[in-house]
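K.L.:
Residue numbers (full-length UniProt numbering), protein chains in the order written: chain A, 1 to 233; chain B, 1 to 233.
Dropping the structure in here first, questions after.
Protein chains: 2
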Amino acid sequence: MKCIIASTSTIYGSGYLAYLLDEINIFFNKPKEVLFIPYARPGGISHDTYTQKAQDAFEKIGTKVKGIHTYDSPEKAIQEAKFIFTGGGNTFLLVKKLHELGLMLPLKKAVTNGTFYLGTSAGSNICGPTIMTTNDMPIVYPPSFNSLGILNFNINPHYLDPLPNSTHKGETRETRIKEFLQQNKVSVLGLREGSWIAVNGQEIYLRGELSARVFKAASSPYELSTNTSLIGL
Amino acid sequence: MKCIIASTSTIYGSGYLAYLLDEINIFFNKPKEVLFIPYARPGGISHDTYTQKAQDAFEKIGTKVKGIHTYDSPEKAIQEAKFIFTGGGNTFLLVKKLHELGLMLPLKKAVTNGTFYLGTSAGSNICGPTIMTTNDMPIVYPPSFNSLGILNFNINPHYLDPLPNSTHKGETRETRIKEFLQQNKVSVLGLREGSWIAVNGQEIYLRGELSARVFKAASSPYELSTNTSLIGL
């Protein structure tokens, strides 16, 4: 496998994918073309508009973007792609569409067989066994919360630390993830904005400048330094 | 119907239900006993612990609390109760349990036939047609996102305004609700902490000190003053 699984597409004060483009270009060895999966539709934008947004970013490194929605057979598009990018937005929308079109298994097969994969936010969320640690609103009912499972732990993207002086009584992210661990055995990696997971063959590393927060059933959460292996999480 | 549907059980700096107890006592005419539904299990606490927490609050107004989990037939408990309280926690857990035990319809019937109802947070979320505007993490997969539908609009509890100077790139609450409205026709009431909806027969009013934010498909969100009728939302 060769994947970049990123917390977010965009960090504060810079353009779409800007902080990751050089890394993408090097890691995936100057990719000529990428198959874009726009189903998560951030803010409800159309597949075409979203694909254009990806194209505007990728053209800076000379990579052509083709939206999966423009193919007669999205399954065949996945099977034939050398490089696939799933963008962020609403994870429920994304997963519902992938299940309904029967693309979850073909996508998993492609990635585990070596097709390069880039995910951001919702596109990273689906790399875990389930989407049960998404932050998104359940705006549609998917036939299942199961996802790719190319990682054996779940991702919580855009991970936010509890605000020490907050007066808000809604649950913190940490509380929510602990509730998840009451119901599930899967570990969770809280991936802060600007962090990503680099999968290269058998190696899995945390990358970016920040540490990540690890949540496991029946133990206290802890910090994991950047450039640490994620094997065994 | 006679209901208090509150954004939160607890406001900053005060105890569980403290800000609402006097209102509950007056509105429901000094209730002697309340049937408590603890299935949302905030922070994963047990049904017993959660019921004790409710009891500790309600004893200040002389109301006895009985947990629905202590009855052989929870359906019969609902049918025989004069006053039902569903506490907050994780909405997915709550709804999964209500569906699995076949309690959604009996609860709807009871409330529409006049059984007093108090909901906070997740217990308020289920008063709309669906739970699709919950803030909670989907830690379990419920058989449906449909809920009581005793209101004809959805609730977003713990509503938070966008932070003007935030550097976080995760979606704001407003963005999430707009994504919901791209996929659904149901209006959404963003209910700030300390606000509640009072249903009394045919009347439905926003109560508390704050305004609420209304989101409708194909129009801009707007503020609704407190003590305004919610009929026709």
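All residues carry an ideal CB built from backbone N, CA and C; glycine is no exception.
Here the structure is a predicted model, which means the values were calculated and not measured.
1. Using a beta-carbon distance cut-off of less than 9 Å, what residues from the region 173 to 184 of chain B approach chain A?
2. Using a Cβ-Cβ cutoff of less than 6 Å, which residues in the same chain neighbour residue 37 (chain B) once the five nearest sequence positions on both sides are dropped?
3. Please determine, among B:207, B:211, B:127, the residue with the shortest C-alpha to C-alpha distance to residue 186 (chain B).
4. Give me the chain B residues within the contact set of residue 253 (chain A), using Cβ-Cβ distance strictly less than 9 Å, ordered along the chain.
5. Identify every residue that forms a DSSP beta bridge with residue 259 (chain A).
6. Does any residue of chain B have a CB that is nearer than 9 Å to the CB of residue 9 (chain A)?
7. Is there a C-beta anywhere in chain B that falls below 9 Å from the one on residue 24 (chain A)?
8. Shorter than 9 Å from the beta carbon of residue 214 (chain A) to some beta carbon of chain B?
9. Measuring CB atoms only, is the region 175 to 186 of chain B touching the region 220 to 230 of chain A, in the sense that at least three cross pairs come out at less than 8 Å?
10. Does DSSP classify residue 190 (chain A) as helix, strand or coil?
11. Determine, using beta-carbon pairs with one atom in the region 55 to 72 of chain B and one in the region 28 to 43 of chain B, whether at least three such pairs fall under 8 Å.
12. With a cut-off of 9 Å, does the C-beta of residue 41 (chain A) fall near any C-beta of chain B?
13. Between the Cα of residue 137 (chain B) and the Cα atoms of B:97, B:111, B:91, B:130, which residue gives the shortest distance?
14. Name the chain A residues whose beta carbon is nearer than 8 Å to that of residue 160 (chain B)?
15. Relative to the C-alpha of residue 109 (chain A), which candidate in A:150, A:200, A:176, A:55 has its C-alpha closest?
16. Mind reading off the beta-carbon distance from residue 159 (chain B) to residue 3 (chain B)? Whole number of angstroms is fine, and I expect it under 8 Å.
17. For residue 39 (chain B), is the beta carbon positioned less than 8 Å from some heavy atom of the ligand GTP?
18. Look at the alpha carbon of residue 58 (chain A) and the alpha carbon of residue 21 (chain A), and state the distance between them as a whole number of angstroms.
19. Quick one: using the 10 Å Cβ neighbour count with 16 as the cut-off for buried, is residue 100 (chain A) buried or exposed?
20. Sort A:44, A:70, A:49, A:35 by Cα distance to residue 279 (chain A) and report the nearest one.
21. Determine the direct distance from the alpha carbon of residue 155 (chain A) to that of residue 227 (chain B), and round the result to whole angstroms.
22. Using alpha carbons as the reference points, say which of B:206, B:81, B:13 lies closest to residue 165 (chain A).
23. Residue 154 (chain B) by DSSP, collapsed to three states: which one?
24. Measure the C-alpha to C-alpha separation of residue 70 (chain A) and residue 8 (chain B) and round it to an integer number of angstroms.
25. Identify, in the order they occur along the chain, each residue of the same chain with its Cβ nearer than 7 Å to the Cβ of residue 51 (chain A), setting aside the five sequence neighbours on each side.
26. Is the Cβ-Cβ distance between residue 122 (chain A) and residue 170 (chain A) less than 9 Å?
27. Using a Cβ cut-off of 8 Å, which residues of the region 123 to 152 of chain A contact any Cβ in chain B, in chain order?
28. Candidates B:83, B:140, B:120, B:82: which alpha carbon is nearest residue 96 (chain B)'s?
P.N.:
Taking the geometry as given:
1. Going along the region 173 to 184 of chain B in chain order, one finds 173, 175, 176, 177, 178, 179, 180, 181, 182, 183, 184 with a Cβ nearer than 9 Å to chain A.
2. The sequence position of residue 37 (chain B) within the second sequence is 37, counting from 1. The answer, listed in chain order, is 68, 86.
3. By one-based count along the second sequence, residue 186 (chain B) stands at place 186. Residue 186 (chain B) has its Cα closest to that of B:127, out of B:207, B:211, B:127.
4. Nothing in the structure corresponds to residue 253 (chain A), since chain A is present only between 1 and 233.
5. Nothing can be reported for residue 259 (chain A), as the shown portion of chain A is limited to 1 through 233.
6. Counting from 1 along the first sequence, the entry for residue 9 (chain A) is found at position 9. Interface residue, yes.
7. For the purposes of this step, residue 24 (chain A) is taken as residue 24 along the first sequence, with counting starting at 1. Not closer than 9 Å to any Cβ of chain B, the Cβ of residue 24 (chain A) fails to qualify, so no.
8. Locating residue 214 (chain A) in the first sequence gives position 214, where the first residue counts as 1. Not closer than 9 Å to any Cβ of chain B, the Cβ of residue 214 (chain A) fails to qualify, so no.
9. Output reads no: the region 220 to 230 of chain A does not touch the region 175 to 186 of chain B.
10. On the first sequence, position 190 is the one that residue 190 (chain A) refers to. In this structure, residue 190 (chain A) counts as strand in the three-state DSSP scheme.
11. yes
12. On the first sequence, position 41 is the one that residue 41 (chain A) refers to. True, the Cβ-Cβ gap to chain B drops below 9 Å.
13. One-based indexing of the second sequence puts residue 137 (chain B) at position 137. Minimum Cα distance to residue 137 (chain B) is reached at B:91.
14. The residue labelled residue 160 (chain B) in the question sits at position 160 within the second sequence. Within chain A, the C-beta atoms nearer than 8 Å to that of residue 160 (chain B) come from 168, 170, in chain order.
15. By 1-based counting over the first sequence, the position of residue 109 (chain A) is 109. Nearest C-alpha to residue 109 (chain A): A:150.
16. Here residue 159 (chain B) is taken as the residue at index 159 of the second sequence, counted from 1. Here residue 3 (chain B) is taken as the residue at index 3 of the second sequence, counted from 1. That pair is no contact at about 19 Å.
17. You won't find the ligand GTP in this model; it holds no ligand whatsoever.
18. Position 58 of the first sequence, counted from the first residue, corresponds to residue 58 (chain A). Position 21 of the first sequence, counted from the first residue, corresponds to residue 21 (chain A). Between residue 58 (chain A) and residue 21 (chain A), the C-alpha separation is close to 8 Å.
19. As a first step, residue 100 (chain A) is located in the first sequence; it is residue number 100 there, counting from the start. Residue 100 (chain A) comes out exposed.
20. Nothing about residue 279 (chain A) can be reported from this structure: the residues present for chain A run from 1 to 233 only.
21. As a first step, residue 227 (chain B) is located in the second sequence; it is residue number 227 there, counting from the start. As a first step, residue 155 (chain A) is located in the first sequence; it is residue number 155 there, counting from the start. Cα-Cα distance, rounded: 42 Å.
22. To locate residue 165 (chain A), count along the first sequence from 1; it is residue 165. Of the candidates B:206, B:81, B:13, the one whose C-alpha sits nearest the C-alpha of residue 165 (chain A) is B:13.
23. Here the question's residue 154 (chain B) lines up with position 154 in the second sequence. When secondary structure is reduced to three states using DSSP, residue 154 (chain B) falls in the strand class.
24. By 1-based counting over the first sequence, the position of residue 70 (chain A) is 70. By 1-based counting over the second sequence, the position of residue 8 (chain B) is 8. Using only the alpha carbons, I get a separation of about 45 Å.
25. Along the first sequence, read from residue 1 onward, the residue named residue 51 (chain A) stands at position 51. Excluding residues within five positions, the ones whose Cβ falls inside 7 Å are 36, 38, 65, 67.
26. Translated into the one-based positions of the first sequence, residue 122 (chain A) becomes position 122. Translated into the one-based positions of the first sequence, residue 170 (chain A) becomes position 170. No, the Cβ-Cβ distance between residue 122 (chain A) and residue 170 (chain A) is not below 9 Å.
27. 131, 132, 133, 134, 135, 136, 137, 138, 139, 140, 141, 144, 145
28. Against the second sequence, residue 96 (chain B) aligns to sequence position 96. Considering only alpha carbons, the answer is B:140.
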